[in-house]
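This note's numbering puts the first residue of the sequence shown at 27, with every later residue one more than the last. Virtual Cβ for every residue (Gly too), placed ideally from N, Cα, C. Data first, discussion second: the structure below is written as structure tokens.
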Amino acid sequence: MGFTTNPLGRTVPKSPRCYLNFRPCRILLNRAQTTVFVDEAKIYVKAGNGGNGCVAFRREKYVPRGGPSGGDGGAGGSIYLEANPHDNTLLRFRFNREFRAARGRHGEGSNRTGHSGEDLILPVPVGTIVIDEETGEQLVDFTAPGHRRQVARGGRGGRGNQHFAKPWHQAPREFEEGQLGEERHLRLELKLLADVGLVGFPNVGKSTLISRISAARPKIADYPFTTLEPGLGVVSADGAPGRNIGRTFVVADLPGLIEGAHTGAGLGTRFLRHIERTRLVAHLIDTSDASDRDPVRDFETIQGELAAFSAALAAKPMLVVATKLDATTDRARLESLRAFCASRQLEFYAISAVTGEGVAHLVRALADALDRLAPLASVEPADARSESGIAGGAVAGMGTTGDRRVAPRTEDR
Ligand SMILES: Nc1nc2c(ncn2[C@@H]2O[C@H](COP(=O)(O)OP(=O)(O)OP(=O)(O)O)[C@@H](O)[C@H]2O)c(=O)[nH]1
Ligand SMILES: [Mg+2]
Numbered sequence: 027m028g029f030t031t032n033p034l035g036r037t038v039p040k041s042p043r044c045y046l047n048f049r050p051c052r053i054l055l056n057r058a059q060t061t062v063f064v065d066e067a068k069i070y071v072k073a074g075n076g077g078n079g080c081v082a083f084r085r086e087k088y089v090p091r092g093g094p095s096g097g098d099g100g101a102g103g104s105i106y107l108e109a110n111p112h113d114n115t116l117l118r119f120r121f122n123r124e125f126r127a128a129r130g131r132h133g134e135g136s137n138r139t140g141h142s143g144e145d146l147i148l149p150v151p152v153g154t155i156v157i158d159e160e161t162g163e164q165l166v167d168f169t170a171p172g173h174r175r176q177v178a179r180g181g182r183g184g185r186g187n188q189h190f191a192k193p194w195h196q197a198p199r200e201f202e203e204g205q206l207g208e209e210r211h212l213r214l215e216l217k218l219l220a221d222v223g224l225v226g227f228p229n230v231g232k233s234t235l236i237s238r239i240s241a242a243r244p245k246i247a248d249y250p251f252t253t254l255e256p257g258l259g260v261v262s263a264d265g266a267p268g269r270n271i272g273r274t275f276v277v278a279d280l281p282g283l284i285e286g287a288h289t290g291a292g293l294g295t296r297f298l299r300h301i302e303r304t305r306l307v308a309h310l311i312d313t314s315d316a317s318d319r320d321p322v323r324d325f326e327t328i329q330g331e332l333a334a335f336s337a338a339l340a341a342k343p344m345l346v347v348a349t350k351l352d353a354t355t356d357r358a359r360l361e362s363l364r365a366f367c368a369s370r371q372l373e374f375y376a377i378s379a380v381t382g383e384g385v386a387h388l389v390r391a392l393a394d395a396l397d398r399l400a401p402l403a404s405v406e407p408a409d410a411r412s413e414s415g416i417a418g419g420a421v422a423g424m425g426t427t428g429d430r431r432v433a434p435r436t437e438d439r
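Below you can see the structure in the form of structure tokens.
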């Protein structure tokens, strides 16, 4: 094994393994490991092929002309996706993109059926939408934990020659080949399922609020764009120690938006898709002395960004929350925002997530507003159609059924 000089000027062995010693590779690996929130993935799934039927004849002492005894092929394994409540990212599909279920074994003599291939169940986060890459058709929307759907059906095993015996055809050499398993290219898109989405400029206190009202512990800091990926928190509206937890709802904390986000400024608006399915938007505006922006203009800027992303998002029921009440000495801007909201008939609340002032009132108001609004889209019954696969989906590589073959006659039969 020879040696060579790598791009960093180090002497390393020539074998391909030596590339792991290159510092740039390590940096790439480290970077990949730190990216934890993945909300889009493309995968390829291939169900197992069915095993072929067998051509065999019973050969036994004192049993002349024992008859056909070719067993059937086993079925190929199918591939299912299942909504897993413990996952909140599609990270597992970032590096593993190809999934193949096991094939069925061929049938054997003495009427032995081949072993069926094992099914493959891939967990996905709740809120994942599955789209067929080739047709663009939405196949399934995982809205409830435990919801399972078949995305590629395993091929059926072929029949052995035992099935082709007739009184007038007692030594059949016909058998069937197993069907091919379905294969698909799928696009997975994660849209978190939350009831309330928190939007607003960076640093207005979105993460502080969610950490105050739920068990979520996002990073909080005094600089813009602390939050880089959406996070969820479960809020109990009427809960108190020793009491029933009462009404609960899910809140999504989003990265901050700035003017021009729809053109890519700041972190852009890509993550707004995670509140497309929320029932309510809470718009947080900093009216404290720490901000010198006009709160009404802040409201209109963010509203413009929501509208640029989607008209439906801008039209969602919204309530406005003035934050950092404890740090607001000059209340003029707070009052101007309150008057503006009154003129627009928007519910208005003022809170301090640090002291807790107004927070309980806001939480109850959010729960009341949700009670008035329609519930999230009703969920398809858990796996009503999973056994039958996805109806109507175009399937590539589907084998033909009952592809009957005839085995060549041999001397010893
Ligand atoms: N005094 C006071 N400070 C607050 C309050 N809420 C948040 N802050 C402070 O404001 C700063 C920003 O808070 P975050 O919760 O990180 O703000 P954010 O809206 O999540 O910001 P991004 O994630 O960057 O969009 C932090 O230093 C918080 O301590 C409040 O009610 N009162
Ligand atoms: Mg934040």
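Cross-strand partners of residue i (DSSP beta bridge)
i, result
"K72", "R126 and E209"
"E257", "Reading off the sequence shown, one finds Gly at residue 257, where the question assumed Glu. G257 is bridged to D279."
"S240", "V261"
"P90", "P90 is not bridged to any residue."
"R175", "L107"
"P149", "E108"
"L306", "V222"
"I311", "A348"
"Y249", "DSSP, once it has assigned bridges, lists no residue as partnering Y249."
"T274", "S262"
"K232", "Answer by DSSP bridge pairing: none, since K232 is not bridged."
"T154", "L216"
"R323", "Beta-bridge pairing links R323 to no other residue."
Between the CA atoms of residue j and residue i - distance to the nearest angstrom
i, j, result
"R175", "L293", "34 Å"
"G223", "A291", "21 Å"
"V177", "D167", "12 Å"
"G135", "N122", "38 Å"
"D113", "R238", "23 Å"
"G97", "N187", "7 Å"
"L306", "A278", "11 Å"
"A67", "P94", "49 Å"
"T304", "E200", "58 Å"
"E160", "L258", "32 Å"
"T253", "V64", "15 Å"
"P193", "D145", "39 Å"
"E86", "G99", "23 Å"
"A368", "S362", "10 Å"
"V225", "H132", "58 Å"
"R390", "R210", "46 Å"
"R273", "R299", "26 Å"
"V276", "V81", "60 Å"
"S233", "G102", "48 Å"
"E383", "G231", "14 Å"
"D397", "R118", "36 Å"
"R364", "R370", "10 Å"
"V385", "A393", "12 Å"
"V261", "G143", "44 Å"
"V89", "G162", "59 Å"
"L339", "R323", "19 Å"
"R319", "A241", "31 Å"
Beta-carbon separation (whole angstroms), residue i vs residue j, contact threshold 8 Å
i, j, result
"E203", "G184", "5 Å"
"E285", "T327", "5 Å"
"D356", "D315", "6 Å"
"I311", "A348", "6 Å"
"P116", "P151", "Before going further, note that residue 116 is Leu rather than Pro in the sequence given. Indeed, because the Cβ distance is near 7 Å, the residues count as touching under 8 Å."
Residue i versus the options, residue with shortest Cα-Cα distance
i, options, result
"F251", "S233, R273 and P228", "P228"
"L388", "A263, L165 and T313", "A263"
"I301", "T289, L280 and R84", "L280"
"L372", "D352, V385, E331 and L345", "L345"
"R441", "L165, G99 and A197", "A query on residue 441 cannot be resolved here, the shown segment of the chain reaching from 27 to 439 and no further."
"K342", "D324, A379, A395 and Y375", "A395"
"R359", "S317, G143 and E209", "S317"
"I147", "S104, H141 and D320", "S104"
"G76", "D324, H141, F119 and K87", "H141"
"G207", "K192, G130, N137 and P244", "G130"
"T295", "P149, T274, W194 and P256", "P256"
"H288", "R319, A337, A368 and V261", "A337"
"L351", "C367, F335 and A376", "A376"
"L165", "Q205, R213, I236 and L339", "R213"
"R138", "G79, P90 and R182", "G79"
"L235", "R319, H309 and R398", "H309"
"F374", "V261, G282 and F325", "F325"
"G445", "A241, F366, T381 and E331", "With the chain running from 27 to 439 in the structure shown, residue 445 is simply not present."
Any chain B beta carbon closer than 8 Å to residue i
i, result
"P256", "Of the protein chains in this structure there is only one, and it is not chain B."
Within 8 Å, do at least three Cβ pairs link the stretch 204 to 219 to the stretch 145 to 157? yes
When the Cβ atoms of the stretch 103 to 115 are set against those of the stretch 169 to 185, are three or more pairs found closer than 8 Å? yes
Do the stretch 65 to 78 and the stretch 118 to 131 make contact, defined as three or more Cβ pairs closer than 8 Å? yes
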